[in-house]
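Colleague: Here's a structure for you.
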Amino acid sequence: MNHIALLEVGVEELPSTEIKNLMKQLNEKLEILLKNHKLKHGKLKVFVGSRRFGVLIEGLPEKQEDFSEEKRGPAEKISFIDGNPTKALEGFLRANNATVEDIEIRELKGIPYVFIKRTVPGISTKELLPLIFKDLISSLKFRKPMRWGIDNFVFVRPVKWIVALLDDQVLNFEAFGKKASNCSRGHRFFFDEVKVEAGTYFEKLKDALVISDVDERRTRVLSELERIESELNAKIPVDEELLEEVVSLTEYPTAVVGEFLEKYLELPPEVIIVTIKHHQRTFPVYHSSKLSKKFVAFQDGPGDPKGNVRRGYEEVINARLEDAHFYYYKDLSNPLDTYVVALKEIMFQRNLGSMYDKTMRVKELSRMISEGLLSKPEEEALILRTAELSKADLATRLVYEFPELQGIIGRIYAQKSGEAEEVALGIEEHYEDDALKLQTLPGAVVGVADRVDTIVGNFYLGNIPTGSKDPYGIRKKFQSIFNIFCSFGWYADLKDFYKRSAEIYGFEYSNFSDVLENFTKNRYENFLMDKGYSIRIARAVNSWWNLPYSGELIASALKSIVGNEEFDKLLVAYQRVHNISKKHDSVKFDGALFLKKEEKTLFNEYLRVYDSLKRHLDEHKFDRAISDLISLKEFIDDYFDNVFVMDNQPDIRLNRLGFLKALDELFFKIADFSQLLDEGVN
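Everything in the sequence shown is counted per our numbering, starting at -12 for the first residue and increasing by one.
Structure below.
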């Protein structure tokens, strides 16, 4: 007979930021726990709402299947004396409820041991589920757990009730001082306790105005938006982040249409959208591709017949837009560049100066980057102006009240102040993490300079990301830098940017260079893997971290050729070179000491390829550089077939090892080919 089990944990309102993480953990961990407890099952359903989360498990058997268990006991020599069991063996048998007749002797690594093998009867599902539920709840991890009660419980939020059922039977389960029952809770404003059974749980709660199923809530929100689009003959773009937030924060989402005062349509659309979307969690409505004064909010309940919810949203949104309207026109009474000096009063970061200090550093670093990219004078002027104004909007009242508008307001105010369009766009774009969205060189250059300045300053202070802790978003800044290099095709050296940034700060780069460069190398590996390259290719080219675009081109060239028969044969030849020379430290050798024809031939080919490879690397023709190495394959094979490297004469042996080490280093000029030896396919 198949059974259905239910666990529901009722909590105080969950933060929306924890819900996706909680869903992921429940899905992953429940499957593992059921497998570890050898409990077969059918469909698994995980649900999370603003006031509850849990799991529904279908297709459960009456009990575990019986299973065989084998245990190793003491070694044979200490298990018997003159054929009689010792105390060591008796203790082992007693602990496992076995007799001497149950044992067998088997060797393990040449030593005879006592083993017992027996059939263990399966435990009933009713007994197992409380153990599984306990392990499931205790395994959950949260970013900011709370403590509560005299027992100092720790969990995401205080637990208010627990339901644990097998069909309609309440399981013997307790957690956080709450004993399991069959009483759930309905909608907080319309229902109190609701008795449930596992098989009809979702239907019972829906009758009590609670949609526990996340997917069903999402479908309801989307359906409501489509209904209103049809009624208003309008378009309501679905912002995924806002959608997830609404789905997370409501248990019975119902749409409410409101509108703000028409005069606020004078504001830039971005200001209105931030106000109604990010601050009030409502969806903007468009008519004929233009933002309208209407918006769609979601209440948690069945409807708003008296319009109280609508009026509440309208009052709050109108008040917020009135503030925005006032600050916007007040800010515009001065040109954007007049706000730069006010940045002196805004701290960038403790021990790293003010936002004005940062602006000046970014401007100087942008100058160096611009010169390195061989920008035209007019391009450099636009870059420097963008850098100078990049943070100016942080000193405006509108951005102070609406921080999400930083960069956007900088662009709008720059346009209103008569700045060049490239400067205005660059101010907004320098914050952009998606390099593919960048349209301007000023945005790219200032964006890199800004991120490098933050990275260098924090590594100097020792603020290095560890584990899940990254309060300054350092990892993301590396990703953005690499993306900009590759999207804009920059062959510039990132290490030079680090050095110049440290110089501008007045720091000694060598004091923290090793830590910064190793961290950058690690992030570059991750960047390449995120772009679809295998971990072996990423590791093979991580030495190109300071030339990210070149490294990505090499990774692409390797990906296209790994698995090719010709290249695989080269790897076999390279492996012979690498294995015999990897413990040799010196690349010194004298070509005049070569005795055999094959080593002289390989030496001449080495010289030819050395020059050709250098030229192709300088020209960024990385596929041709790899072809240069492939051309060495037959000469390497001939060498090892005819030359005995480990000659008895030390000078000949060391000379050959030095040459092979130099040959190994030649390969390394492109990539660490030792990382590719087991790659096989790309």
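Beta carbons: idealized from backbone N, C-alpha and C, even for Gly.
For clarity, every value in this text was computed on a predicted model and none was experimentally measured.
1. Taking the straight line between their C-alpha atoms, what separation do you get for Leu594 and Asp577?
2. Assuming the contact rule is C-beta atoms closer than 8 Å, Val42 and Leu1 should be a hit. Round their C-beta distance to whole Å, please.
3. Going by DSSP, name the residue or residues bridged to Leu(-6).
4. With H, G and I counted as helix, E and B as strand and the rest as coil, what does DSSP make of Gln426?
5. From what residue to what residue does the alpha helix (DSSP H) around Thr618 run?
6. Does Glu666 come out as helix, strand or coil in the three-state DSSP assignment?
7. Distance, Cα to Cα, Pro108 vs Lys25?
8. Excluding the five sequence neighbours on either side, which residues of its own chain have a C-beta within less than 8 Å of the C-beta of Lys264, listed in chain order?
9. So what does DSSP say about Thr112, is it helix, strand or coil?
10. How many whole angstroms separate the CB atoms of Arg39 and Gly78, which I take to be in contact at a CB cut-off of 8 Å?
11. Determine the direct distance from the alpha carbon of Met355 to that of Thr206, and round the result to whole angstroms.
12. Could you check what DSSP says for Lys104 in three-state terms: helix, strand or coil?
13. Is Glu586 buried or exposed, if buried means 16 or more other CB atoms sit within 10 Å of its CB?
14. Can you list, in chain order, the residues of its chain whose CB lies under 7 Å from that of Asn629, leaving out five sequence neighbours each side?
15. Which of the three DSSP states is assigned to Val197 in this structure?
16. Comparing alpha-carbon positions, which option in Phe514, Met10, Ile657, Phe581 lies nearest Gln636?
17. One question on the structure: do Val243 and Ala284 come within less than 7 Å of each other, judged by their Cβ atoms?
18. Measuring straight from C-alpha to C-alpha, what distance separates Gly390 and Leu209?
19. Provide the residue span of the alpha helix (DSSP H) that contains Gln466, from first to last.
20. Who are the near neighbours of Arg640 in its chain, counting only those whose CB is closer than 6 Å to its CB and skipping five residues on each side?
21. What residue range is occupied by the uninterrupted beta strand (DSSP E) comprising Phe140?
22. Tell me Ala62's beta-bridge partners as DSSP assigns them.
23. Buried or exposed: which applies to Leu534, given that a residue is buried once 16 or more other Cβ atoms fall within 10 Å of its Cβ?
24. Going by C-alpha to C-alpha distance, which of Lys569, Gln402, Phe554 sits closest to Ser614?
25. Check this for me: beta carbons of Leu425 and Ala431, under 7 Å apart or not?
26. Between Glu652 and the rest of its own chain, which residues show a CB-CB distance below 8 Å, the 5 nearest in sequence each way excluded?
27. Is the separation between the beta-carbon of Val150 and that of Pro132 shorter than 7 Å?
28. What separation, rounded to the nearest whole angstrom, lies between the Cα atoms of Leu152 and Glu211?
29. Buried or exposed for Pro289, going by 16 or more other Cβ atoms inside 10 Å?
30. Do you know whose CA, among Tyr478, Ile396, Lys350, lies nearest Ala368's CA?
31. For the beta strand (DSSP E) containing Thr241, name the first residue and the last one.
32. For Leu(-6), I'd like the list of residues in its chain whose CB is within less than 6 Å of its CB, leaving aside the five on either flank, ordered along the chain.
33. Quick check on Ile522: buried or exposed, where buried means 16 or more other Cβ atoms within 10 Å of its Cβ?
34. Val303 and Gln267 look like a contact to me (Cβ under 8 Å); what is the Cβ gap, rounded to whole Å?
35. Using the three-state DSSP reduction, which class does Asp344 fall into: helix, strand or coil?
36. I'd like to confirm the pairing. Which residues does DSSP put opposite Asn71 in its beta bridges?
Modeller: Taking the coordinates as given:
1. Taking the first residue of the sequence shown as 1, we reach residue 594 at position 607. Taking the first residue of the sequence shown as 1, we reach residue 577 at position 590. Going from the Cα of Leu594 to the Cα of Asp577 covers about 13 Å.
2. In the sequence shown, counting from the first residue as 1, residue 42 sits at position 55. In the sequence shown, counting from the first residue as 1, residue 1 sits at position 14. So it is not a contact: roughly 16 Å between Cβ atoms.
3. In the sequence shown, counting from the first residue as 1, residue -6 sits at position 7. In DSSP, Leu(-6) forms a bridge with Val42, Ala151.
4. For this step, residue 426 is matched to residue 439 along the sequence shown. In this structure, Gln426 counts as coil in the three-state DSSP scheme.
5. Along the sequence shown, read from residue 1 onward, the residue named residue 618 stands at position 631. A quick correction: the sequence has Ser, not Thr, at residue 618. Element bounds for Ser618: n/a, residue is neither H nor E.
6. For this step, residue 666 is matched to residue 679 along the sequence shown. Residue confidence is low: Glu666 scores 49 on pLDDT, short of 50, so the model does not pin down where it sits. Its coordinate-derived value is still stated next. In this structure, Glu666 counts as coil in the three-state DSSP scheme.
7. The sequence position of residue 108 within the sequence shown is 121, counting from 1. The sequence position of residue 25 within the sequence shown is 38, counting from 1. So the alpha carbons of these two residues sit roughly 12 Å apart.
8. Mapped onto the sequence shown, residue 264 falls at position 277. Once the five neighbours on either side are set aside, the close Cβ partners of Lys264 are Asp226, Leu229, Phe270, Pro271.
9. Translated into the one-based positions of the sequence shown, residue 112 becomes position 125. Helix, per DSSP.
10. Here residue 39 is taken as the residue at index 52 of the sequence shown, counted from 1. Here residue 78 is taken as the residue at index 91 of the sequence shown, counted from 1. Going by Cβ atoms, the distance from Arg39 to Gly78 rounds to 49 Å, so no, they are not a contact pair.
11. Along the sequence shown, read from residue 1 onward, the residue named residue 206 stands at position 219. Along the sequence shown, read from residue 1 onward, the residue named residue 355 stands at position 368. Computed Cα separation, rounded: 52 Å.
12. What you label residue 104 is simply residue 117 of the sequence shown in a count that begins at 1. Here Lys104 sits in strand by DSSP.
13. One-based indexing of the sequence shown puts residue 586 at position 599. Its Cβ being crowded by 16 or more others within 10 Å, Glu586 is buried.
14. By one-based count along the sequence shown, residue 629 stands at place 642. Once the five neighbours on either side are set aside, the close Cβ partners of Asn629 are Lys583, Glu585.
15. On the sequence shown, position 210 is the one that residue 197 refers to. The three-state reading of DSSP puts Val197 in coil, since its state is none of H, G, I, E or B.
16. The residue you call residue 636 lines up with position 649 of the sequence shown. Looking at the Cα atoms, Phe581 is the closest of the given residues.
17. In the sequence shown, counting from the first residue as 1, residue 243 sits at position 256. In the sequence shown, counting from the first residue as 1, residue 284 sits at position 297. It is a contact, given that the beta carbons lie within the stated cut-off.
18. As a first step, residue 390 must be located in the sequence shown, where it is residue number 403. As a first step, residue 209 must be located in the sequence shown, where it is residue number 222. Reading the sequence as shown, one finds Pro at residue 390 and not Gly. Taking the straight line from one Cα to the other gives about 29 Å.
19. Within the sequence shown, the letter at position 479 stands for residue 466. 461 to 475 is the extent of the alpha helix (DSSP H) around Gln466.
20. Position 653 of the sequence shown, counting from 1, holds the residue named residue 640. Cβ within range, chain order: Met633, Asp634.
21. Taking the sequence shown and counting its residues from 1, one reaches residue 140 at position 153. First-last of the beta strand (DSSP E) with Phe140: 140 to 142.
22. Within the sequence shown, numbered from 1, the residue matching residue 62 stands at position 75. Answer by DSSP bridge pairing, in chain order: Tyr100.
23. Position 547 of the sequence shown, counted from the first residue, corresponds to residue 534. Buried is the call here.
24. As a working note, residue 614 is residue 627 in the sequence shown. Scanning Lys569, Gln402, Phe554 for the CA closest to the CA of Ser614 turns up Phe554.
25. One-based indexing of the sequence shown puts residue 425 at position 438. One-based indexing of the sequence shown puts residue 431 at position 444. Yes; because the gap between Cβ atoms is below 7 Å, this pair is in contact.
26. Translated into positions along the sequence shown, residue 652 becomes position 665. Same-chain partners within the cutoff: Val574.
27. As a first step, residue 150 must be located in the sequence shown, where it is residue number 163. As a first step, residue 132 must be located in the sequence shown, where it is residue number 145. Contact: no.
28. Within the sequence shown, the letter at position 165 stands for residue 152. Within the sequence shown, the letter at position 224 stands for residue 211. If you take the alpha carbons of Leu152 and Glu211, they lie about 34 Å apart.
29. Working through the sequence shown from its first residue, we reach residue 289 at position 302. Result: exposed.
30. Position 381 of the sequence shown, counted from the start, is the residue given in the question as residue 368. Of Tyr478, Ile396, Lys350, the residue nearest in Cα terms is Lys350.
31. What you label residue 241 is simply residue 254 of the sequence shown in a count that begins at 1. Per DSSP, Thr241 belongs to the beta strand (DSSP E) from 240 to 246.
32. As a working mapping, residue -6 is identified with position 7 in the sequence shown. So the list reads Gly41, Val42, Phe120, Ala151, once near-sequence residues are dropped.
33. Translated into the one-based positions of the sequence shown, residue 522 becomes position 535. Exposed: under 16 other Cβ atoms inside 10 Å.
34. Here residue 303 refers to the residue found at position 316 when the sequence shown is read from its first residue. Here residue 267 refers to the residue found at position 280 when the sequence shown is read from its first residue. The pair is a contact, with the Cβ atoms about 6 Å apart (cut-off 8 Å).
35. The residue labelled residue 344 in the question sits at position 357 within the sequence shown. Reduced to three states, the DSSP call for Asp344 is helix.
36. By one-based count along the sequence shown, residue 71 stands at place 84. The partner list for Asn71 (beta bridge, DSSP) reads Ile68.
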